[in-house]
Amino acid sequence: MASGHFQVEAALLMLPLLMLVLNSGGSGSAAGAVVPAVIVFGDSTVDTGNNNQIGTTLRSDFPPYGRDMPGGARATGRFGNGRLPPDFISEALGLPPLVPAYLDPAYGIGDFARGVCFASAGTGVDNATAGVLVSTASPAHRREVGEKGRRNQSRVGSRGPPRLGTGRFAEYTVAEFSDFLVAGARRFLSEIHRLGARRVTFAGLAPIGCLPLERAENMIHGGGCIEEYNRVAREYNAKVEAMLGALRAELPDLRLAYVPVYDTMLDLVTNPAKFGLENVEEGCCATGRFEMGFMCNDEAPMTCADADKFLFWDAFHPTQKVNRIMANHTIDICYQQGLL
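Residue numbering for the sequence shown is -29 to -1, 1 to 311, as defined by mature numbering (1 follows the signal peptide of the UniProt record, and there is no 0).
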């Protein structure tokens, strides 16, 4: 049980914080835009390129990442084959089709007035997560990461993918750690409200037991979703919803919408044909079971020809097609709950 306890908490450390702040300002909005700006906080699922400027192994500024970007293949640092949910949301609201990364030197304050992404791959509610993944990320180190991943491939089915730890495992049980994360999220929401945010979406956790990275751990049992991980995600999401409800009551001028990522992703996993998907178990890149970041590269064998048939691009991140679906659901929720 100790090993399982460690792995569940490690999965929680990887959970995304997707927060979309719809700026309520007035005079600076672009003509025809529904909102003046979109501001994004989160992890690799919404990082539009900040990690390109950070010394870390968690990068995606190289092919085949970005191969299906509008206008031609371009590895922008987005973890996917194309655009991410914030990009689609921004475009749908009458703003630029790509949300600029705050650390990208190609953009300036004029661009950020209409949208900016502060998300960074490897981060989340717990600040300790990011520190584990920061390194010099030299070319030699990148090659070493890739080689180690390939050597470990034959062992994935029996031992599971490599895990990350920060010392939190010794401090908390799984339930206590999720409480810690929810409390951190509440503090963050309260702080951005203090700074002026009034329209915010907060995404719940996906069924993490259905990620290809986690399915690979379960190969000896058929490669299905790991229910223990999904249960942890559901319990965390319930705590998040309760926290958001309490915060709405405390801050009545804050329009705060919860995005049930779990439900949408589970629908994609269990009803792929409804969405035109053929493979929901593996990623498109390489074997699709454990590769992401430097292990998903131009030299990786077996990368699929049509990512639109896949739920996942790599072992952790959805394809551009699925990102569009998630963005559309988020926009629908914003309209339903009065944020737009």
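Beta carbons are placed, not taken as given, at the ideal position from N, Cα and C, and that holds for glycine.
Supposed contact pair residue j and residue i - C-beta distance, whole angstroms, cut 8 Å
i	j	result
W284	N52	5 Å
L182	F287	6 Å
C88	P71	7 Å
G93	T27	6 Å
F59	A298	4 Å
A276	D39	Their Cβ separation, rounded to whole angstroms, is 11 Å, which puts A276 and D39 out of contact at 8 Å.
L(-8)	L227	Going by Cβ atoms, the distance from L(-8) to L227 rounds to 11 Å, so no, they are not a contact pair.
D269	P35	6 Å
N-terminal and C-terminal residue of the alpha helix (DSSP H) that residue i is part of
i	result
I60	P56 to A63
L29	It is not in any alpha helix (DSSP H) - L29 carries neither H nor E in the DSSP assignment.
E184	What sits at residue 184 in the sequence shown is Leu, not Glu. Per DSSP, L184 belongs to the alpha helix (DSSP H) from P183 to R186.
Continuous beta strand (DSSP E) stretch holding residue i: start and end
i	result
E252	N250 to G254
I197	Here I197 belongs to no beta strand (DSSP E), and DSSP marks it neither H nor E.
I163	Segment V145 to R165 is the alpha helix (DSSP H) holding I163; no beta strand (DSSP E) there.
R170	R170 to A174
V9	A8 to F12
Test item: CB-CB of residue i and residue j under 8 Å
i	j	result
residue 312	V171	The shown model of the chain, from -29 to 311, leaves out residue 312, and the question about it has no answer.
V251	L239	yes
L225	R260	no
A63	I304	no
T241	A257	no
A46	S31	yes
S61	V9	yes
V5	P57	no
G37	D18	no
Y207	E185	no
I197	G180	yes
T235	H300	yes
R157	M214	yes
L29	G264	yes
L282	P289	yes
L74	Q24	yes
G65	G167	no
Contact test: residue i Cβ vs the ligand COA heavy atom, cutoff 7 Å
i	result
A168	The model on display carries no ligand, and the ligand COA is accordingly not part of it.
is_contact[residue i, chain B] using C-beta, thresh 8 Å
i	result
L237	Absent from the structure is chain B; it holds one protein chain and no more.
Contact between the region 224 to 233 and the region 168 to 180 (3+ Cβ pairs under 8 Å): yes
Within the region 207 to 292, ranges of the beta strand (DSSP E) (whole runs, at least 3 residues): 226 to 230, 250 to 254 and 281 to 283
Validate contact between the region 293 to 309 and the region 206 to 225 using beta carbons, cut 8 Å, 3 pairs: no
Sequence ranges, alpha helix (DSSP H) only - wholly within the region 60 to 94, length at least 4: 80 to 83
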